[in-house]
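Taking it in order: structure first as structure tokens, then the write-up.
Numbering (this note's numbering), first residue to last: 0 to 548.
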């Protein structure tokens, strides 16, 4: 009996050992499986996820801009009839008078003798000696003239030359501290550039948030002019359209009219902008249904349009007027020939035949002489000659100057275009700087937003051209400053409106969490539960071993 019990216990022990061994192998296998899953997740899955979902943020070389916009204008004084001591004394006294009159230090006039390039005049700014290579803004010829009591000035309308005629008795002597001729020249120069100073001061104040020192009336006049003008562009498209409600006129000498009236003006604008021209003729172009019909005024013996109805004159629904052609903005100029039954057609309040649509274009009402047929009925001429188009295109020229933001003074067109160059340079400089500031604030406030290498390159280009713009402004090279500012503004806009950056703004982190949770939940929960169970088993086994010891 004893042997039988021993045999049974031995057989039970032998049976228990394989069972324990099998359970241990199962436990080890389960542990290895769980460890393998977590190893794949930690060492393979997580790095791949991190790499594929990480946002590339290139370093933006945005730095503090320390550019101070200054506009030193070089004015050459030509006094061939004076001796060198007299001309030097006139130069110094005139410069001192100008500096005393100037209330806007960012815009100052620097005088120097036209035949003295080695001795620039004294100036009120730190850049008085940095005029090498500067543009000549104006040449002042000082000429004695017999029979004059007081000096007088004459500005040539097609050049940048101001003639000053003075009595020979007013030649400045070195002992005089404030010659009358110096005060007269300083006053003429101050008046010549008064609108430019006010415009630049207004632009700098409005863009930079400063205070405009000009009078309210001047500020309102400048604001109204700037509101009517188009935003500066490298290229403008000019569209000239002939509209008539009937079948006549059906042709016009548009090429000759453009060549005679507009080509010289467009050529003068070449340093500022380029232009393309297209034309069209539209017959049976009726008024817009929203426009009140013209009314006949017996006192004027003409059909009239009310001033408040002019804004609805353009039939944009039916007239083929393209808002833009290519990359640049389009300026539309409409020549409207009314029907013979409504001719002549004028604006009631001021008897005008033209008006400007701000930031869009201009309209001219042409009332040509009516032709009579054999039956005695009246009709418009079949063709508009160059001579009949001359009044309209002279008006279009003035409207174009207004729409491009050209100042109204002085009388010299080259001087007004020089002013336009400086105003555009200041506007583009401030616009590009403001865009760079907005981009810096955007990238700082949105850390998840990507910054591609192309944006960093555009920012670097922008800052380089902004620095070149400031340098050219300080040295009086305004044409080069405008060219640099144009590139800076274009690159700044390109970097700010990068598609990948704009798209990321509307995809915040909350959206990412909403996308990942449905995918990771079914996978992560079993893995976490299995890991927790295995950890509990390991802890329990460790406690059991400690108790057995």
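In this text, a Cβ means the ideal position worked out from N, Cα and C, and glycines have one as well. Since the structure is predicted, the reported quantities are computational estimates derived from the model, not experimental observations.
query	result
Roughly how far, in whole angstroms, is the beta-carbon of residue 481 from the beta-carbon of residue 423, given that I think they are within contact range, below 8 Å?	6 Å
Taking all protein chains shown into account, decide if residue 534 is buried (16 or more other Cβ within 10 angstroms of its Cβ) or exposed.	exposed
Helix, strand or coil for residue 345? Go by DSSP, reduced to three states.	strand
Is the number of C-beta pairs between the stretch 373-387 and the stretch 349-363 that are closer than 8 Å three or more?	no
Identify the continuous alpha helix (DSSP H) that holds residue 470 and give its terminal residues.	452-473
Mark residue 25 as exposed unless 16 or more other C-beta atoms lie within 10 angstroms of its C-beta, in which case mark it buried.	exposed
Taking C-beta to C-beta, are residue 380 and residue 244 nearer than 8 Å?	no
Identify, in the order they occur along the chain, each residue of the same chain with its Cβ nearer than 8 Å to the Cβ of residue 113, setting aside the five sequence neighbours on each side.	75, 76, 77 and 138
Compare the C-alpha of residue 103 against each of 198, 494, 246 and 34 and name the closest.	198
Just to confirm, are residue 165 and residue 147 a CB contact at a threshold of 8 Å?	yes
Could you check what DSSP says for residue 299 in three-state terms: helix, strand or coil?	coil
Rounded to a whole number of angstroms, what is the C-alpha to C-alpha distance between residue 521 and residue 527?	11 Å
At the level of alpha carbons, what is the spacing between residue 346 and residue 294?	10 Å
Consult DSSP for residue 98 and reduce its assignment to one of helix, strand or coil.	helix
Checking 8 Å against the spacing of the C-beta atoms, do residue 344 and residue 304 come in under that value?	yes
Identify, in the order they occur along the chain, each residue of the same chain with its Cβ nearer than 8 Å to the Cβ of residue 187, setting aside the five sequence neighbours on each side.	152, 161 and 163
Going by the CB atoms, is the gap between residue 333 and residue 57 shorter than 8 Å?	no
Taking 8 Å as the cut-off, decide whether the C-beta atoms of residue 302 and residue 341 are in contact.	yes
Let me know the secondary structure DSSP gives residue 151 once reduced to three states.	strand
Quick test of your reading: residue 145 and residue 167, contact by CB under 8 Å. State the CB separation rounded to the nearest angstrom.	7 Å
In whole angstroms, what is the alpha-carbon distance linking residue 282 and residue 246?	6 Å
Roughly how far, in whole angstroms, is the beta-carbon of residue 72 from the beta-carbon of residue 97, given that I think they are within contact range, below 8 Å?	Rounded, the Cβ-Cβ distance is 10 Å, inconsistent with contact.
Check whether the Cβ atoms of residue 280 and residue 241 sit closer than 8 Å, and answer yes or no.	yes
Using the Cα positions of residue 540 and residue 60, report the straight-line distance between them to the nearest angstrom.	59 Å
When you compare only the Cα positions, how much space is there between residue 544 and residue 537?	11 Å
Is it the case that the stretch 40-54 contacts the stretch 421-438, given that we only count it when at least three CB pairs across the two stretches are under 8 Å?	no
Return the Cβ separation of residue 217 and residue 472 in integer angstroms, given the expectation that the two are a contact with Cβ distance under 8 Å.	Wrong, their Cβ atoms sit about 23 Å apart, outside the cutoff.
Given residue 492, which residues of its chain have a CB within under 7 Å of its CB, disregarding the five upstream and five downstream residues?	434
With 16 as the cutoff for other CB atoms within 10 Å, does residue 251 come out buried or exposed?	buried
DSSP on residue 259, reduced to helix/strand/coil?	helix
Taking the alpha carbon of residue 200 as the reference point, which residue from 181, 222, 184 and 183 has its own alpha carbon closest?	222
For the ligand MG, I want to know if residue 449 counts as a neighbour, meaning its beta carbon is within less than 7 Å of at least one of the ligand's heavy atoms.	Absent from the structure shown: the ligand MG. Ligands present: none.
Would you report the Cα separation of residue 194 and residue 401, rounded to the nearest angstrom?	15 Å
I need the straight-line Cα distance from residue 287 to residue 339, nearest angstrom please.	18 Å
Would you call residue 118 buried or exposed, if buried means 16 or more other Cβ atoms sit within 10 Å of its Cβ?	With a pLDDT of only 40 at residue 118, under the threshold of 50, the placement of this residue in the model should not be trusted; the figure read from the coordinates follows. Answer is exposed; the Cβ neighbour count stays below 16.
Look at the Cβ atom of residue 80, then the Cβ atom of residue 143, and state whether they are nearer than 8 Å.	yes
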